[in-house]
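Student: Protein chains in written order, with my numbering: chain V, 1316 to 1428; chain S, 26 to 140.
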Amino acid sequence: QQQVKQSPQSLIVQKGGIPIINCAYENTAFDYFPWYQQFPGKGPALLIAIRPDVSEKKEGRFTISFNKSAKQFSLHIMDSQPGDSATYFCAASGIQGAQKLVFGQGTRLTINP
Amino acid sequence: DAGVTQSPTHLIKTRGQHVTLRCSPISGHKSVSWYQQVLGQGPQFIFQYYEKEERGRGNFPDRFSARQFPNYSSELNVNALLLGDSALYLCASSLIPATGGYGYTFGSGTRLTVV
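1. Here's the rule I'm using: 16 or more other beta-carbon atoms within 10 Å means buried, otherwise exposed. How should S:L137 be labelled?
2. To the nearest angstrom, how far is the alpha carbon of V:T1425 from that of V:T1343?
3. Would V:G1358 pass as an interface residue toward chain S - the criterion being a Cβ-Cβ separation below 8 Å?
4. Assuming V:I1333 contacts V:S1389 under a Cβ cut-off of 8 Å, what Cβ separation, rounded to an integer in Å, is found between them?
5. V:C1338 to S:I51, Cα distance in whole Å?
6. Just reading off the beta strand (DSSP E) that S:T30 is part of, what are its end residues?
7. Let me make sure I understand the geometry here. Which of V:D1394, V:A1364, V:S1395 has the alpha-carbon closest to that of V:S1380?
8. Does the beta carbon of S:L115 sit closer than 8 Å to a beta carbon anywhere in chain V?
9. For S:F70, return the contacting residues in chain V, with the cut-off set at a CB-CB distance below 9 Å.
10. Whose C-alpha, out of V:E1371, V:K1330, V:D1394, V:G1398, is nearest the C-alpha of V:Q1353?
11. Which chain S residues sit within Cβ distance under 9 Å of V:G1345?
12. Have a look at S:P95 and V:S1395 and give me their C-alpha separation to the nearest angstrom.
13. Contact defined as beta carbons within less than 8 Å: I believe S:Y129 pairs with S:A117. What is the distance between those atoms, to the nearest angstrom?
14. Indicate whether the contact test is met: 3 or more Cβ pairs, each with one atom in the stretch 57-64 of chain S and one in the stretch 79-99 of chain S, closer than 8 Å.
15. On the CB-based measure, 16 or more other CB atoms within 10 Å of its CB, does V:S1325 come out buried or exposed?
16. So who's on the other strand from S:H35, going by DSSP bridges?
17. Say the cut is 7 Å; is the CB of V:G1421 nearer than that to a heavy atom of the ligand GTP?
18. Going along chain V, which residues have a C-beta under 9 Å from S:F131?
Here it is, written out as structure tokens:
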């Protein structure tokens, strides 16, 4: 129930394409769903986050779509650039004492020029 | 402004040894969390500390321990190292534990290799 399942494991997209990364969760107590971007040798950096009371959130070229009934959420990257090549993690947390984040397995995204 | 600072950046230890990893949070942040990231996987929660008290513990053995100091910096200690402890250890700081939509700020981590 504490798992967050992420797919695909890896993704290759041409520049300008729209990569889509999907995540699914089981625990209905989760109420905060962030996406993190991680470059080699660096820690994860918060990209965008959403609460379950909205179905979509956009920040720049990044969009989260959220389907509460299906317990799924996804990240879309518009007009992708080679600089977006990184590993992306979805995560979830809930009000259960410590605000721990439960992370997905990660998606290694490559944007080809 | 300095971000989350972790030291050392890399270290190599032998099985059975003990290791101490250090973390300095962003100035003004009072909560520190530790995560373990095994190669090819997402980070896993180890501990959270706030105001020098443990606020949460993940599913890790008692060989793992941590503490937070009055200046809010933190140490993660791992005893009797196993090969499986090889990982990137991440520290994340936040103003308070319940940070709502703002999340954590992660450091760049300490890469621990156990041989």
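Even for Gly, the Cβ is constructed at its ideal location relative to N, Cα and C.
Tutor: Quick answer:
1. Buried, by the Cβ-count rule.
2. Put simply, the backbone Cα of V:T1425 is about 32 Å away from that of V:T1343.
3. Yes, V:G1358 counts as interfacial toward chain S.
4. Not a contact, Cβ separation roughly 11 Å.
5. Spanning the two alpha carbons is a distance of roughly 30 Å.
6. It spans 30-32 - the beta strand (DSSP E) in which S:T30 sits, taken as one unbroken run.
7. For the options V:D1394, V:A1364, V:S1395, the alpha carbon positioned closest to that of V:S1380 is the one of V:A1364.
8. At a cut-off of 8 Å between beta-carbon atoms, S:L115 makes contact with chain V.
9. Think of a sphere of 9 Å around the beta carbon of S:F70: the chain V residues whose beta carbon falls inside it are A1413, K1415, L1416, V1417, F1418, in chain order.
10. Among V:E1371, V:K1330, V:D1394, V:G1398, the Cα nearest to that of V:Q1353 belongs to V:G1398.
11. In the sequence as presented, Gly is not what sits at residue 1345 of chain V; that position holds Phe. Using a Cβ-Cβ cut-off of 9 Å, V:F1345 is close to nothing in chain S; its nearest Cβ partner there is about 13 Å away.
12. If you take the alpha carbons of S:P95 and V:S1395, they lie about 44 Å apart.
13. About 4 Å separates the beta carbons of S:Y129 and S:A117, which is inside the 8 Å limit, making them a contact pair.
14. The stretch 57-64 of chain S vs the stretch 79-99 of chain S: in contact.
15. It is exposed - the Cβ of V:S1325 has fewer than 16 other Cβ atoms within 10 Å.
16. S:H35 has S:R136 as its beta-bridge partners, per DSSP.
17. With respect to small molecules bound, the structure shown includes none, and the ligand GTP cannot be examined in it.
18. Scanning chain V for C-beta atoms nearer than 9 Å to the C-beta of S:F131 yields Y1351, Q1353, K1357, G1358, P1359, A1360, L1361, reported in chain order.
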